[in-house]
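Chemist: This note's numbering puts the sequence shown at residues 671 to 783.
Cβ coordinates follow ideal geometry from the N, Cα and C atoms, glycine included.
Note that the structure is a prediction, hence the values are computed from the model and not measured.
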Amino acid sequence: MTEFSTTGPRAEGDAVTPEVLIEREVTTWQTSLGRIDVLVGIPDADGMPVGYEALQQGAIALRPAGTDIDVEVADLGDIIISKEFAGRSKDTQALPELRRIAGQASDPSRPDR
Numbered sequence: 671m672t673e674f675s676t677t678g679p680r681a682e683g684d685a686v687t688p689e690v691l692i693e694r695e696v697t698t699w700q701t702s703l704g705r706i707d708v709l710v711g712i713p714d715a716d717g718m719p720v721g722y723e724a725l726q727q728g729a730i731a732l733r734p735a736g737t738d739i740d741v742e743v744a745d746l747g748d749i750i751i752s753k754e755f756a757g758r759s760k761d762t763q764a765l766p767e768l769r770r771i772a773g774q775a776s777d778p779s780r781p782d783r
C-alpha cells in the first residue's frame, strides 16, 4: 500500500487496526494497482446493513497481479444491490457497466440475499 486515506480526519501516525476501519466505515486505499474502497458493510435492497460476515459468504478471493496475498471481494450482485439502493449519481452511472460485467439485464431478476 502506498497511501492510506479515510473519509474522516486522520492523525499522523494512525495505525491501521480493525477499530480504525470500523470507526471510519469507509476507507480508500491507493495502491500500486489502483484505488480500492474498504467498507465495513453495505446496504441491502431495503437499506438494511449487510455486515462483513454475511458478505463473506458470497465473497470471492482474488489475488492481485504481482502479489502473494488473497483479497476477499464482495459478490458483484451484492455490490450492485447496494449501488441501486444508494441511488447517487456516480452509483447510477456505474450500474450499466457492473450489470454488463455480472451478465445481468438492466432490470435484473435475481433472488435477494
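Helix or strand or just coil, what does DSSP make of Arg705?
Modeler: The residue you call residue 705 lines up with position 35 of the sequence shown. The answer is strand: DSSP assigns Arg705 an E or B state.
Chemist: Is it the case that the Cβ atoms of Gly711 and Leu725 are separated by a distance below 8 Å?
Modeler: If you number the sequence shown from 1, residue 711 lands on position 41. If you number the sequence shown from 1, residue 725 lands on position 55. Contact: yes.
Chemist: For a quick check, are the C-beta atoms of Ser759 and Pro713 less than 8 Å apart?
Modeler: Numbered from 1 along the sequence shown, position 89 holds the residue referred to as residue 759. Numbered from 1 along the sequence shown, position 43 holds the residue referred to as residue 713. No. Outside cutoff.
Chemist: Count the other CB atoms, across all protein chains shown, that sit within 10 Å of the CB of Ala744; report buried if there are 16 or more and exposed otherwise.
Modeler: The residue given as residue 744 occupies position 74 in the sequence shown. Buried, because 16 or more other Cβ atoms sit within 10 Å of the Cβ of Ala744.
Chemist: Are Val708 and Thr701 closer than 8 Å when you measure CB to CB?
Modeler: Counting from one through the sequence shown, the residue named residue 708 turns up at place 38. Counting from one through the sequence shown, the residue named residue 701 turns up at place 31. No, these two residues do not count as a Cβ contact at 8 Å.
Chemist: How would you call Arg705, buried or exposed, if buried means at least 16 neighbouring beta carbons within 10 angstroms?
Modeler: The count along the sequence shown starts at 1 and reaches residue 705 at position 35. Label assigned to Arg705: exposed.
Chemist: Drop a sphere of 10 angstroms on the beta-carbon of Ile750, count the other beta-carbons inside from all chains shown, and report buried for 16 or more, exposed for fewer.
Modeler: Here the question's residue 750 lines up with position 80 in the sequence shown. Buried, by the Cβ-count rule.
Chemist: Under a Cβ-count criterion, where at least 16 other Cβ atoms within 10 Å of its own Cβ denotes burial, should Arg733 be classed as buried or exposed?
Modeler: Residue mapping note: residue 733 aligns to position 63 of the sequence shown, counting from 1. The residue in question, Arg733, is exposed, as its Cβ has fewer than 16 Cβ neighbours within 10 Å.
Chemist: By the 10 Å Cβ neighbour count, where 16 or more other Cβ atoms means buried, how is Arg770 classified, buried or exposed?
Modeler: On the sequence shown, residue 770 is found 100 positions in, with the first residue counted as 1. Arg770 should be labelled exposed.
Chemist: Here's a check: name, in chain order, each residue in its chain whose Cβ is nearer than 6 Å to the Cβ of Ala731, leaving out the five neighbours to either side.
Modeler: As a position in the sequence shown, residue 731 is number 61, starting the count at 1. These residues qualify, in order along the chain: Asp740, Glu742.
Chemist: By Cβ distance, which residues of its chain are closer than 8 Å to Ala816, with the 5 residues on each side in sequence left out?
Modeler: This structure cannot settle anything about residue 816, because the visible part of the chain is limited to 671 through 783.
Chemist: Name the DSSP beta bridge partners of Ile712, please?
Modeler: Counting from 1 along the sequence shown, the entry for residue 712 is found at position 42. DSSP lists Val720 as partners of Ile712.
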